[in-house]
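With the first letter of the sequence shown counted as 1, position 146 gets the number 206 in the numbering used here; the numbers rise by one all the way through. From the three backbone atoms N, C-alpha and C, an ideal C-beta is built for every residue, glycine too.
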Amino acid sequence: MVEGPRALDEAVRDGVRILEVAVEERVGRAAVGLVGPEVPVHVVRDGSLAKSSDLGSSQGVAAVVELPPPATFPDDGIVLVLVDVADPGNVGTLVRAADAAGASAVVRVGGTDPWAPKVVRASAGSVFRLPVVEVDDATGPLERAGFRTVATVARGGSAPDEVELLERVAVLVGNEAHGLADAVVDACDERVSIPMASGVQSLNAAMAGTVVLFESVRQRRVARGGGSWT
61 MVEGPRALDE
71 AVRDGVRILE
81 VAVEERVGRA
91 AVGLVGPEVP
101 VHVVRDGSLA
111 KSSDLGSSQG
121 VAAVVELPPP
131 ATFPDDGIVL
141 VLVDVADPGN
151 VGTLVRAADA
161 AGASAVVRVG
171 GTDPWAPKVV
181 RASAGSVFRL
191 PVVEVDDATG
201 PLERAGFRTV
211 ATVARGGSAP
221 DEVELLERVA
231 VLVGNEAHGL
241 ADAVVDACDE
251 RVSIPMASGV
261 QSLNAAMAGT
271 VVLFESVRQR
281 RVARGGGSWT
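Okay, structure coming up:
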């Protein structure tokens with residue numbers, strides 16, 4: 061389910077197949093102008109969509125879309141691994157950050173469904189562009205695919221600029237409340253912690269993942285002698 065005219069426009073632009081659309085009377089058909097004429101558009105009473113919305117309110121537009129086929133691990137690049145990340149806003153923000161940082165894919169290990177409406181909205185359409193791989197094991201499949209695994213931990217790891225984050229690297233971000241399980245951290249090749257001023261215990265999952273992703277961007281840019289960020 062995609063909710064809101066902006067999210068629907070992004071889905072259309074990214075080639076997502078739209079199965080059907082519902083619009084409230086107050087919004088009208090003009091709100092779905094990018095949708096092709098072959099897509100059924102249903103006009104419903106004002107307030108109808110809010111009752112079924114996961115977002116707490118409705119912008120008057122909702123669409124059912126076809127999910128992409130299951131993704132597989134990329135051959136190279138950097139991937140972001142979400143391990144039991146629960147908050148939809150964090151999941152969407154991390155997917156958006158990974159897309160902006162030029163990541164090859166996002167890997168989901170448990171946690172919130174990346175296709176939940178709140179995730180789709182927070183990702184600003186990135187969930188339609190970036191492959192999302194779903195696995196049950198946080199490290200094994202990545203290592204078999206040839207990726208070096210880097211665990212983000214609150215303390216005790218190397219600073220991001222001390223860890224090589226160039227190619228075939230998987231950055232793992234854990235649950236908001238509990239972080240990565242000890243067994244997952246122990247199975248990773250390296251640990252990374254973000255240096256912070258005294259008195260600050262940690263950043264939230266989305267912020268921490270974004271910092272590490274853009275350290276990878278910086279390293280790739282330096283390795284190429286400057287120029288493009290991604």
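Item, Value
"Rounded straight-line distance, which links the Cα of asparagine 264 to that of aspartate 249", "23 angstroms"
"Check whether aspartate 157 and threonine 270 have beta carbons under 8 angstroms apart", "Per the sequence shown, residue 157 should be read as alanine rather than aspartate. Yes; because the gap between Cβ atoms is below 8 angstroms, this pair is in contact."
"Given 8 angstroms, three or more beta-carbon pairs between the region 247-261 and the region 160-178", "no"
"Proximity to glutamate 227 [Cα-Cα], best of Asp135, Ser113, Pro97", "Asp135"
"Which residues DSSP lists as bridging glutamate 194, in chain order", "Arg168"
"The beta strand (DSSP E) enclosing valine 233, as first and last residue numbers", "229-233"
"Beta carbon of glutamate 84 nearer than 8 angstroms to that of leucine 109", "yes"
"Anticipated Cβ contact below 8 angstroms, threonine 172 with valine 145, distance rounded", "7 angstroms"
"Runs of beta strand (DSSP E) wholly within the region 72-147 (minimum 3 residues, chain order)", "78-84, 101-104, 121-125, 138-143"
"Per-residue DSSP class, three states only, for threonine 153", "helix"
"Bridge partners - threonine 199, DSSP secondary structure assignment", "According to DSSP, threonine 199 bridges with nothing at all."
"Glycine 239 - partner residues in DSSP beta bridges", "Asn235"
"Which of helix, strand or coil DSSP assigns to serine 262", "coil"
"Per-residue burial, alanine 91 [other beta carbons within 10 Å of its own, 16 or more giving buried]", "buried"
"Distance between glycine 259 and leucine 68 (C-alpha atoms, nearest Å)", "42 angstroms"
"Same chain, Cβ closer than 6 angstroms to leucine 94, neighbours up to 5 away in sequence not counted", "Asp69, Val72"
"Buried/exposed call for leucine 127, threshold 16 Cβ in 10 Å", "exposed"
"Simplified DSSP state of alanine 283, which is helix, strand or coil", "helix"
"Buried versus exposed, by CB contacts within 10 Å (16 or more), alanine 82", "buried"
"Simplified DSSP assignment, three categories, for arginine 66", "helix"
"Cutoff 7 angstroms; reference glutamine 119; Cβ partners in own chain excluding five residues on either side", "Glu63, Gly64, Pro65"
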